[in-house]
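Right, one structure below, let's go through it.
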Amino acid sequence: MRIGIFGGSFNPVHNGHIHLAVSAAVEFSLDKVYFVPSKRSPHRSDSEYAADEDRLEMLRLACRDAELLEVSSYELENDRISYTYYTVEYFRELFPGAELFLLVGSDMLLSFDTWFRYKDILSAVTLCGLSRSAGDERALREKAEELRKFGNILIGSAPPEEVSSTEIRKKIAKNENFACYLDENVVQYIELKRLYGSR
Ligand code: ATP
Numbered sequence: 242m243r244i245g246i247f248g249g250s251f252n253p254v255h256n257g258h259i260h261l262a263v264s265a266a267v268e269f270s271l272d273k274v275y276f277v278p279s280k281r282s283p284h285r286s287d288s289e290y291a292a293d294e295d296r297l298e299m300l301r302l303a304c305r306d307a308e309l310l311e312v313s314s315y316e317l318e319n320d321r322i323s324y325t326y327y328t329v330e331y332f333r334e335l336f337p338g339a340e341l342f343l344l345v346g347s348d349m350l351l352s353f354d355t356w357f358r359y360k361d362i363l364s365a366v367t368l369c370g371l372s373r374s375a376g377d378e379r380a381l382r383e384k385a386e387e388l389r390k391f392g393n394i395l396i397g398s399a400p401p402e403e404v405s406s407t408e409i410r411k412k413i414a415k416n417e418n419f420a421c422y423l424d425e426n427v428v429q430y431i432e433l434k435r436l437y438g439s440r
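Taking the working numbering, the leading residue of the sequence shown gets 242, the next gets one more, and so forth.
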């Protein structure tokens, strides 16, 4: 089994996230990709950061028709701080013998060497970095070269889908059209629950 782990705030999950997960699954022959939403920190307000259960539900809606994609509530249910190191340990126990692939967008790859116990993470997984904006490929390849002394690094070749959750939240709050960036069921959920200041 080749299992992908894809963490983030997913606030909300958008087409860039789905594109990253699907293109990594195809390019690296993954059997499944698990989206792992992180917990909301206590000082964040509702208007900028949807509740854990809403972000989880939006992920479930966005992944429900894709057999490759799964959602894990591990970090939301766990009391300790959501360090990726512990999430990787959890997946190692859940899938003994499986090969694990940690998927990250370019911004996350570039700061990966600041992550808690990143060398230990790299001894347990293959890190897969994927572009999130045109032109970031060179920086990705350079960082991958530096990190290779600690483990396996792969760089995806799919062209990026340039969108961010921040941009989408701003559009929603300004009552601008945002539907084209999200799964249609997620759009309906945001409107129904009036998330991010939607009217
Ligand atoms: P925010 O704008 O709220 O910071 P975000 O859009 O960056 O959100 P996150 O949930 O923080 O999304 O990101 C989770 C993971 O998805 C990270 O590894 C990030 O690099 C990656 N990612 C986010 N957007 C894209 C995109 N458009 N293309 C590729 N990867 C992306």
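Backbone N, C-alpha and C fix where the C-beta goes; we use that ideal spot for every residue, glycine too.
Spanning the alpha carbons of LEU368 and GLY249 requires a straight line of approximately 15 Å.
For ligand 1, no non-hydrogen atom lies closer than 7 Å to the CB of ARG435. Listed by position in the chain, the residues whose beta carbon lies within less than 6 Å of some heavy atom of ligand 1 are GLY249, SER250, PHE251, ASN252, GLY257, HIS258, LEU261, VAL345, GLY346, ASP348, MET349, LEU371, ARG373, PRO401, GLU402, GLU403, VAL404, SER405, SER406 and THR407. Straight-line spacing of the CA atoms in LYS412 and ARG440 works out to 12 Å. In the three-state reduction of the DSSP assignment, GLU308 falls in the coil class, being assigned neither a helical nor a strand state. Contact annotation: the segment 336 to 353 touches the segment 371 to 388, with at least three C-beta pairs closer than 8 Å.
If you ignore the 5 residues before and after LEU344, its C-beta comes within less than 6 Å of the C-beta of GLY245, PHE247, ALA265 and CYS369, all in its own chain and listed in chain order. In this model, ASP320 and LYS360 are separated by some 24 Å (Cα to Cα).
If you draw a straight line from the Cα of LEU310 to the Cα of HIS255, it is about 14 Å long.
For ALA307 against LEU341, the beta-carbon gap comes to about 20 Å, at or over 8 Å, which does not count as contact. Beta-bridge pairing by DSSP links GLU340 to ARG243. Just measuring C-alpha positions, the residue of LEU317, LEU335 and VAL312 sitting nearest LYS280 is LEU317. The straight-line gap separating the alpha-carbon atoms of ARG285 and PRO278 is approximately 15 Å.
For LYS360, the enclosing alpha helix (DSSP H) starts and ends at 359 to 365. Shown here, GLY438 sits in a helix according to DSSP, grouped into three states. Sequence-distant Cβ neighbours of TYR327 in its own chain, meaning closer than 8 Å and more than five residues away, are ASN319 and ARG321.
For TYR275, DSSP records a beta bridge to ILE246 and GLU311.
Comparing C-alpha distances from ASN252 to each of ARG389, SER406 and LEU363 shows the shortest one belongs to SER406.
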